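> Line order of the protein sequences matches chains A and B. Numbering follows this note's numbering, in which position 281 of the first sequence is assigned residue number 594; successive positions increment by one, without gaps. Numbering follows this note's numbering, in which position 275 of the second sequence is assigned residue number 356; successive positions increment by one, without gaps. Where is the CB? At the ideal position from N, CA and C, for every residue including glycine. Predicted model only: the values in this text are computed from it and were never measured. Pasting a structure below so you can have a look.
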Amino acid sequence: MPNEVEKIVLGRRDLPNSHELDVYLNSGGYQGLRKALSVNPEDVVAQVVESNILGRGGAGFEAGRKWSMLKKATRRYLVVNGDESEPATFKDHFLIENDPHQLVEGTIIAAYAIGASRAFIFLRGEFALGLERVQSAINAAYRIGALGRNIFGSDFSLDVVLHPGAGAYICGEETALLESLEGKRGFPRIKPPYFPAVIGLYGEPTIVNNVETVSNLPWIVTHGGSAFKALGGGRSTGTRIFALSGQVRNPGLYELEMVKTSFRDLIFSQELGGGLRDGRSLKAVIPGGVSAPWIAPDQIDLPLGQDEVAHAGSMLGSGSIIAMDDTTCMVRAAWRISRFFMRESCGQCTPCREGSSWIEKVMARIEGGAGREEDLDLLMDLCDNIVPGVSWPPAQTTICVLGPSIPSSVAVGIRMFRDEFLTHIKEGGCPFD
Amino acid sequence: MTDESEASLSFVLDGKTVTAHRGDPLIKAAEEAGTFIPRFCYHPRMKPVGMCRMCLVEVKGPRGFTLQPACFIQVAPDMEVVTASEVVKKAQDGVLEYLLANHPLDCPVCDKGGECPLQDQTLAHGPGESRYVEEKRHFAKPISISDIILLDRERCIQCGRCTRFASEVVGKPLIDFAGRGDHIEVAPAPGSSFDTYFSGNIIQICPVGALTSKSYRFRARPWDLEQSESTCAGCALGCRVVVQSSQNEMTRLLGIDSDAVNHSWLCDKGRFGFEATASPNRVRAPHIRKGNNFVEVGWFEALTKVAKTLTAALENAGANAVAVLGGGTLTNEDVFAWMKLMKGYLGVDSCDVQMGNGVDPRLILQGSVATINEVVDSRTVVLIDADIEEEVPVLFLRLREAALAGRTRVVEVVDHLTSLSAVASQTLLVGDLDFEKSLETLNLESLAGVTEPEFVGQGVVFVVGQSNVLRSQSERSRAVARLLRRYPKAKILPVFSKSNTMGAMHLGMSPGFLPGGVELDSATSQIQWPNLPKSRGMSGHEILQSAAQQDLEVLFLLGPDALSEYPDRRLVERALERSSLVVAVDSTFNEVTEFADVVLPLAAFGEYIGTFTNIEGRISPVGQKLVPLGVAQKGWEIASEIAGSLGYDLGFEKEEDIWTEIASVSPIHRGFSPKVLSKEFDGVVLPIKAVKVEISNIRLLDPMATPGIASVARHAPPVEEPSTIYEVGSLSKDGSEQLEQNVPLQIEAPKFIDELLLETSSIEAVASDGEDLLLRLSLIRRLYAKSQMVIESPTLSGLLPEPRLRISPHTASRIGISHGELALIARGEMQSGPIMTWVTDSVSDNVAVVDFVDSFDLEELGQLEVENLVKVVKA
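Next comes the structure, spelled out in structure tokens:
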């Protein structure tokens with residue numbers, strides 16, 4: 314029976330005042346850092362490689378391997394990405410506000426491991442409380458000697474700078490984030506050659522890690538990489554926070570062992586999602602944030618694993634799972650998602666800037682009752698101009714992956730629910746209104 | 082050649098193995114191999130950004146073929162590239178359709194229609210019908226982003242060429258993107274406008290009609306325009322341009338991408354100065370003064386009057402009673418004809434293109450002059466009294482690029498901080514020190530790491546500017562000579578403000594010189610003119626003084642702005658009033674023609690054909706697009722007419738005749754002919770070396786940087802004609818062996834340096850004026866000053882700056898004046914009008930630096946051998 318077994322990152326969820334330093338110290342806080350400092354940075358990297366933790370930001374790349382790819386240089390930077398801004402994604406938000414010390418400790422461990430003497434935590438500007446709490450946690454870390462010169466008496470010195478974002482979703486894209494951090498407009502850089510591990514912040518090799526990834530580090534260092542790897546299955550090791558939303562009885566955050574649980578368990582288990590509200594039936598599931606293609610009710614026995622979802626033609630992404638019941642208008646759902654990307658396109662490259670806007674306008678027209686049957690072919694072709702072949706994993710004509718995020722829901726919506734689109738067109742309006 | 086494998090590589094383009102230059106972007110490599118990849122945001126003179134996505138092609142990588150922007154990736158050995166697959170075509174068509182989605186399609190009224198890459202590429206690749214039925218994006222249109230430029234944001238395709246030009250090329254990010262998604266727009270920074278000397282370039286590089294100039298907007302259709310290649314007359318850099326006209330009216334100037342000179346950029350003075358040709362103040366016919374009135378007369382009457390007075394003056398008072406000033410804005414052909422008349426038939430040597438505040442002709446004629454490319458490739462460039470952006474603006478862009486790229490260290494010795502100071506390794510402010518002495522302190526060995534081996538080949542270039550118009554020719558030249566003695570292998574680049582001062586000096590328009598830098602006393606049998614001057618004549622400054630003392634009978638003012646370089650208005654006015662006959666050969670009525678007795682109408686820019694010689698000694702063609710206004714004539718024609726009235730025949734029927742004679746009498750022009758010039762895209766640098774010159778007929782112009790020059794037809798692979806190799810010497814009548822003898826090759830410090838240093842400084846300090854603080858006055862050149870190109874051009878005339886007085890905070894507190902207050906500059910009994918004070922760290926203590934926008938009424942200001950000390954008082 315699936316349940317929330319051992320907590321790794323959400324361990325302090327039920328502790329009152331978990332954001333305060335003494336609560337943190339009394340619950341094992343900074344033990345991971347002390348242990349890390351007692352060994353060589355290479356040993357810390359080895360533990361993280363051993364753990365095989367996959368990046369929690371969405372792309373799911375092995376964090377240890379990313380670290381090992383960092384170009385040798387005298388100056389290296391660590392940047393922690395806390396610009397979580399996608400609809401229905403709220404795991405980092407919770408960690409930032411409720412366990413800021415764990416985030417700071419993880420940041421220090423990561424910086425020690427990669428040999429950075431300066432780290433930046435880039436938080437979404439709208440996280441007012443989170444910014445306050447992370448800054449307090451940084452201040453506290455300086456106070457207790459966990460930051461600054463000669464951390465805990467070691468040779469390692471580090472400064473951490475907290476940087477609030479200025480309100481753009483695109484700055485969650487790591488290279489746009491670096492541009493923004495440098496004080497420029499948040500335009501993503503072109504890869505190659507601008508892989509942050511090679512040419513990153515201020516042109517120096519830089520590691521960009523997600524908040525949840527970093528928050529796992531104190532536990533991994535304390536318990537060892539193999540303890541982490543013992544959880545989960547296949548390439549998807551350890552536990553992971555799933556942000557469940559949609560028309561379920563118990564939406565919220567669930568830290569679950571990866572692969573051991575299925576979408577069905579998460580949504581329907583009484584201990585977890587508790588099933589759909591009002592006994593409705595399931596229509597579709599968004600398995601990993603709104604840029605992921607939807608999966609159908611007959612696919613929900615898929616385990617919550619990185620490769621498993623990828624094989625089924627979608628992605629686990631940021632771990633944001635949205636269950637949609639039969640009261641959901643799928644045209645409206647796809648339109649809303651396309652509207653989000655239209656508003657958040659940075660405008661740098663043509664297919665994303667113009668494509669997102671055109672697609673949104675056609676979707677709005679169909680939902681509003683002014684659709685034409687040929688609009689469905691038009692939409693698929695507009696998607697094809699951003700993602701040639703409209704395939705998964707997507708090829709792209711754009712600079713960054715915001716572009717390929719646009720067609721996912723629209724194309725899969727048309728493929729899975731063509732009849733519903735046609736009903737909108739034939740009836741001249743939304744049947745769910 | 083360098084090792085082939087170092088410089089080139091081969092890659093696979095659409096199944097064929099082709100070679101490319103290592104480090105080139107794929108888009109350029111493919112183009113050189115004959116495959117044009119469509120593009121909008123790529124510009125060969127700026128860093129690629131890969132934004133528009135039009136140049137997507139398939140490149141094979143570890144995960145098979147993927148779409149990559151060809152502008153952004155460098156070509157690599159054995160790279161496999163596919164540019165013509167279905168996938169590529171679909172992606173490019175998709176991008177094009179997206180670009181058109183929000184584009185207003187107001188092509189019928191758009192200035193760009195007919196020369197628009199978006200239109201051309203739609204024609205070539207796009208669908209006939211639009212699938213876009215939604216409401217298009219709307220913006221208020223057009224908005225003004227500067228005094229010159231309008232922005233239509235609906236037409237903008239967000240390629241970022243203009244914003245990148247501003248930040249990357251000029252270094253002034255005054256425009257940037259605002260907003261996001263499909264509401265992204267180019268906008269000036271809040272509260273500011275796009276004010277730079279280079280603003281017009283963004284119009285030229287805009288791939289659509291989003292950026293237009295207020296003067297050209299709705300004036301012409303591109304397909305109605307005729308064009309000819311020409312050389313800009315705005316300053317002495319000689320930027321290569323095309324002049325476009327419609328119905329005997331010039332409509333616009335565009336920069337040509339000349340690798341040797343201007344890299345396609347122009348300054349706004351150059352780009353819009355041609356408007357002066359259409360000024361209502363143009364002189365349409367000869368005028369002579371009768372009593373207090375100016376009356377229009379025929380050529381015959383005017384010429385007769387000139388000839389009569391001239392003959393009488395020469396008979397009664399001799400050759401020293403006649404003088405010629407100006408000439409820096411005339412063509413080489415004009416100057417030569419005038420010199421042949423003056424020095425060859427009338428024996429008049431008092432001809433000077435400079436006004437005593439320039440440089441000694443020996444530095445130019447006998448020294449080793451660097452090319453612009455040598456300057457920007459040299460390890461160290463020393464800017465001496467040079468404010469490059471104000472004097473020769475496009476060289477500022479090139480030097481700034483070189484300095485930022487780390488190729489060149491810039492050292493400045495100037496009176497005030499300049500716009501290059503920010504990228505200079507060191508700036509030495511002259512302050513109230515003696516100029517020569519402050520240059521003595523310049524230690525290049527320690528300052529810029531100059532070590533001996535660098536003196537060979539690409540070493541040091543001294544750029545000799547004329548930023549301070551109060552600095553005398555002898556002071557400036559002695560200082561440079563002193564430096565040349567210390568660094569004998571260094572080259573110099575003189576900076577002049579007029580388009581052909583260099584050419585005029587080459588052709589003998591300096592006292593004591595004949596064409597080709599031949600000194601008067603050493604005149605050889607090469608110059609077979611009947612009546613060469615008996616003795617050395619007066620310099621420009623001496624001519625004015627002589628006239629002011631009523632010793633001059635006839636004064637010729639040649640061409641526009643003949644006296645604009647001269648700071649002392651009182652001396653100019655006295656000189657003009659006291660000459661018996663002032664003949665102004667000019668295109669417009671102006672402050673100087675007010676004093677003339679005869680005004681002869683001169684053809685203006687665009688109305689004559691000929692050549693200019695720029696500051697590096699590069700001869701380039703000046704094209705004619707218009708018929709001269711009224712009965713105006715070209716400069717050389719007027720000289721021939723005057724000669725005819727005197728009973729002489731200069732022997733010139735057309736411009737080619739003049740060149741035949743120049744090439745035969747001038748050693749530095751030997752081997753030159755219009756035929757040689759016609760084969761050289763970038764002009765010909767003097768002296769012509771007797772070496773084989775290889776000319777490639779393939780020129781890669783940016784089709785979007787040079788609209789009108791390259792239309793869609795140019796997108797096809799260039800037709801490769803065999804490269805011609807010709808030997809310059811073989812084209813010369815005299816044969817190439819003789820030619821080689823005439824090319825001076827100097828390694829040791831030449832003789833003229835010692836001669837210059839023998840001349841002692843004549844500067845005397847003015848006695849201290851009681852208790853008052855005396856400041857050394859610098860009058861510094863501004864690009865927009867009272868030259869005819871500026872004040873007669875509707876676009877530019879409003880940009881004339883209010884002169885400001887710059888003083889240091891310390892000086893200001895000693896005088897008791899604050900920033901923004903009005904001050905008076907006083908000298909002797911006279912004082913200037915009120916002038917705004919600017920208290921700034923950009924000048925030293927005890928100096929007063931004033932913008933030179935117009936001449937001044939200050940006592941003895943023009944006495945350049947006297948130190949220019951002034952009092953500054955609160956107005």
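#1: If you count every other CB in all the chains shown that lies within 10 Å of the CB of B/Asp642, and 16 or more means buried, which is it?
#2: In three-state DSSP terms, what is B/Thr624?
#3: Nearest chain B C-beta to A/Met693 closer than 9 Å, yes or no?
#4: Under 6 Å Cβ to Cβ from B/Val800, same chain only, skipping five residues before and after it: list those, please.
#5: Write down every uninterrupted run of the alpha helix (DSSP H) in the region 618-699 of chain A whose length is 4 residues or greater and which is fully enclosed by it, in chain order.
#6: On a Cα-Cα basis, can you pick out the residue from B/Phe933, B/Glu178, B/Asn949 and B/Leu886 that is closest to B/Val920?
#7: For A/Ala543, count neighbouring Cβ atoms within 10 angstroms of its own Cβ and tell me buried if that reaches 16, exposed if not.
#8: Look up B/Gln325 in the DSSP assignment and say whether it is helix, strand or coil.
#9: For a contact defined as C-beta to C-beta under 8 Å, what are the partners of B/Gly131 on chain A?
#10: Is it the case that the Cβ atoms of B/Val289 and B/Lys193 are separated by a distance below 9 Å?
#11: Where does A/Tyr390 land, buried or exposed, given buried means 16+ other C-beta within 10 angstroms?
#12: Among residues of its own chain, excluding the 5 on either side of A/Leu794, which ones have a beta-carbon nearer than 8 Å to its beta-carbon?
#13: Grab me the residues of B/Leu231's own chain with a C-beta within less than 8 Å of its C-beta, minus the 5 sequence neighbours each way, in chain order.
#14: Taking a cut of 9 Å between CB atoms, which residues from the region 635-650 of chain A lie near chain B?
#15: Express the C-alpha separation of A/Glu487 and A/His737 in angstroms, rounding to a whole number.
#16: For B/Gln554, does the count of other Cβ atoms within 10 angstroms reach 16, so buried, or fall short, so exposed?
#17: Please check if any C-beta of chain A sits within less than 9 Å of the C-beta of B/Leu90.
#18: Taking the beta strand (DSSP E) that B/Thr293 falls in, what are its first and last residues?
#19: Hey, is A/Pro564's beta-carbon within less than 9 Å of any beta-carbon in chain B?
#20: Is there at least one Cβ from chain B nearer than 9 Å to A/Pro701's Cβ?
#21: Taking CB distances under 9 Å as the criterion, tell me whether B/Leu180 reaches chain A.
#22: What did DSSP end up calling B/Met127 once you bin it into helix, strand or coil?
#23: Residue range of the alpha helix (DSSP H) that B/Pro442 falls in?
#24: So if I threshold CB-CB distances at 8 Å, which residues from the region 251-281 of chain B count as touching chain A?
#25: Is it true that the region 354-370 of chain B meets the region 150-162 of chain B, where meeting means three or more beta-carbon pairs spaced less than 8 Å apart?
#26: Within 9 Å (strictly less), CB to CB, does A/Tyr674 reach chain B?
#27: Kindly indicate which residue of B/Gln912, B/Ala221, B/Val765 and B/Ile465 has the alpha-carbon position closest to the one of B/Thr508.
#28: Do B/Thr499 and B/Ser459 have their C-beta atoms within less than 9 Å of each other?
#29: According to DSSP, is A/Tyr515 helix, strand or coil?
#30: Which stretch, first to last residue, makes up the beta strand (DSSP E) that contains B/Val462?
#31: Specify the secondary structure class of B/Leu232 as computed by DSSP and reduced to three states.
#32: Could you check if B/Gly145 belongs to the surroundings of the ligand MG, using beta carbon to heavy atom distance under 8 Å?
#33: Are any of the Cβ atoms in chain A nearer than 9 Å to that of B/Gly691?
#34: Look at the Cβ atom of B/Asn282, then the Cβ atom of B/Ser326, and state whether they are nearer than 9 Å.
#35: Could you name the residues that DSSP lists as bridge partners for B/Ser701?
#36: To the nearest angstrom, report how far apart B/Ala359 and B/Pro709 are at their CA atoms.
For this structure:
#1: buried
#2: The residue you asked about is not Thr; residue 624 of chain B is Ile in the sequence shown. Helix at B/Ile624.
#3: no
#4: Residue placement at B/Val800 is poorly supported in this model, since its pLDDT is 37, which falls under 50; the coordinates still yield a value, given next. The answer is none, since no qualifying residue turns up.
#5: 619-624, 643-657, 663-680 and 687-699
#6: B/Leu886
#7: exposed
#8: strand
#9: Ile503, Cys662 and Ile712
#10: yes
#11: buried
#12: An answer regarding residue 794 of chain A cannot be provided, because it is not within the stretch 314 to 746 covered by chain A.
#13: Pro223, Ile224, Ser225, Leu292, Thr293, Ser294, Lys295 and Arg298
#14: none
#15: 39 Å
#16: buried
#17: no
#18: Leu292 to Ser294
#19: no
#20: yes
#21: yes
#22: coil
#23: Pro442 to Leu446
#24: Asp257, Phe258, Gly260, Arg261, Gly262, Asp263, His264 and Ile265
#25: no
#26: Before going further, note that residue 674 of chain A is Lys rather than Tyr in the sequence given. Closer than 9 Å to some Cβ of chain B, the Cβ of A/Lys674 qualifies, so yes.
#27: B/Ile465
#28: no
#29: helix
#30: Thr461 to Ile465
#31: strand
#32: With respect to small molecules bound, the structure shown includes none, and the ligand MG cannot be examined in it.
#33: no
#34: no
#35: B/Phe693
#36: 11 Å
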